[in-house]
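>
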Amino acid sequence: DAGVIQSPRHEVTEMGQEVTLRCKPISGHNSLFWYRQTMMRGLELLIYFNNNVPIDDSGMPEDRFSAKMPNASFSTLKIQPSEPRDSAVYFCASSLRLAGSYEQYFGPGTRLTVT
Amino acid sequence: DAKTTQPPSMDCAEGRAANLPCNHSTISGNEYVYWYRQIHSQGPQYIIHGLKNNETNEMASLIITEDRKSSTLILPHATLRDTAVYYCIGMDSNYQLIWGAGTKLIIKP
Numbered sequence: 010d011a012g013v014i015q016s017p018r019h020e021v022t023e024m025g026q027e028v029t030l031r032c033k034p035i036s037g038h039n040s041l042f043w044y045r046q047t048m049m050r051g052l053e054l055l056i057y058f059n060n061n062v063p064i065d066d067s068g069m070p071e072d073r074f075s076a077k078m079p080n081a082s083f084s085t086l087k088i089q090p091s092e093p094r095d096s097a098v099y100f101c102a103s104s105l106r107l108a109g110s111y112e113q114y115f116g117p118g119t120r121l122t123v124t
Numbered sequence: 039d040a041k042t043t044q045p046p047s048m049d050c051a052e053g054r055a056a057n058l059p060c061n062h063s064t065i066s067g068n069e070y071v072y073w074y075r076q077i078h079s080q081g082p083q084y085i086i087h088g089l090k091n092n093e094t095n096e097m098a099s100l101i102i103t104e105d106r107k108s109s110t111l112i113l114p115h116a117t118l119r120d121t122a123v124y125y126c127i128g129m130d131s132n133y134q135l136i137w138g139a140g141t142k143l144i145i146k147p
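Residue numbers (our numbering), protein chains in the order written: chain A, 10 to 124; chain B, 39 to 147.
#1: List the residues that DSSP assigns as beta-bridge partners of residue 122 of chain B.
#2: Would you kindly report the start and end of the unbroken beta strand (DSSP E) that includes residue 21 of chain A?
#3: Between which two residues does the beta strand (DSSP E) containing residue 88 of chain B stretch?
#4: Pull up the DSSP beta-bridge partners for residue 45 of chain A, would you.
#5: By Cβ distance, which residues of its chain are closer than 7 angstroms to residue 17 of chain A, with the 5 residues on each side in sequence left out?
#6: So, are the CB atoms of residue 56 of chain A and residue 69 of chain A less than 8 angstroms apart?
#7: What are the boundary residues of the beta strand (DSSP E) that residue 13 of chain A is part of?
#8: Using the C-alpha atoms, what's the distance from residue 30 of chain A back to residue 63 of chain B?
#9: By DSSP, does residue 54 of chain B sit in helix, in strand, or in coil?
#10: Going along chain E in order, which residues have a C-beta closer than 7 angstroms to the C-beta of residue 114 of chain A?
#11: For residue 59 of chain A, write down the residues that DSSP places opposite it in a beta bridge.
#12: Look up residue 79 of chain A in the DSSP assignment and say whether it is helix, strand or coil.
#13: Please identify, using Cβ separations under 8 angstroms, the residues of the stretch 92-103 of chain A that lie next to chain B, in order along the chain.
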């Protein structure tokens with residue numbers, strides 16, 4: 010398996026522009042997670058899906074952020090409009106959530122810079 | 039919800055065993071302890087998890103005290119490539135991982 014795939018790996022954009030981050034989870038996994046990592050705040054869970062349904066989006070910072078999972082093999086995280094404080098590394102992770110087994114497998118991340 | 043406490047940094051000589059401690063005194067009886075690591079500029083990598091018994095896999099061993107208030111991750115023969123931030127993680131009531139600041143482990147030649 011190729012693991013969790015994220016694209017793009019790097020994104021540089023200007024303030025006010027729309028940014029779309031993409032994720033392909035590991036085949037067969039039923040849960041998907043979006044995280045953001047910064048030096049100041051560490052790793053933060055933004056939202057997670059179970060069987061393509063958003064379960065908890067309490068970590069999404071504000072309405073500028075939205076996430077979708079139209080099918081089991083694809084998810085997007087969109088920021089519109091982007092702001093400099095959104096600059097961070099965004100990770101997608103997937104998991105096969107079974108009783109007693111909740112380990113998550115992370116993608117390589119997308120490094121976002123908003124100028 | 040489990041909260042974990044780890045030393046902010048540790049050094050270990052290459053080829054020696056690296057022992058990373060973690061305190062999780064508030065962990066409940068059915069909460070697993072997970073260990074991940076993050077090598078610079080990469081996504082976190084799952085290492086191992088356990089509940090009560092000691093666990094071992096190809097990457098590491100996990101020793102959990104009988105009262106489950108602390109655990110130790112052991113890398114038996116540390117290499118330079120093991121330099122990373124190591125996270126000891128509990129779970130919240132929704133089975134989500136609770137990430138802390140981790141321990142920055144530096145392996146020295």
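Using N, Cα and C, we set each Cβ at its ideal position, and we do this for glycine too.
A quick look at the data gives this:
#1: B/143
#2: 19-22
#3: 83-88
#4: A/53, A/99
#5: 119
#6: yes
#7: Run containing residue 13 of chain A: none; DSSP gives neither H nor E here.
#8: 38 angstroms
#9: coil
#10: Absent from the structure: chain E. Protein chains present are A and B.
#11: A/40, A/62
#12: strand
#13: 100, 102
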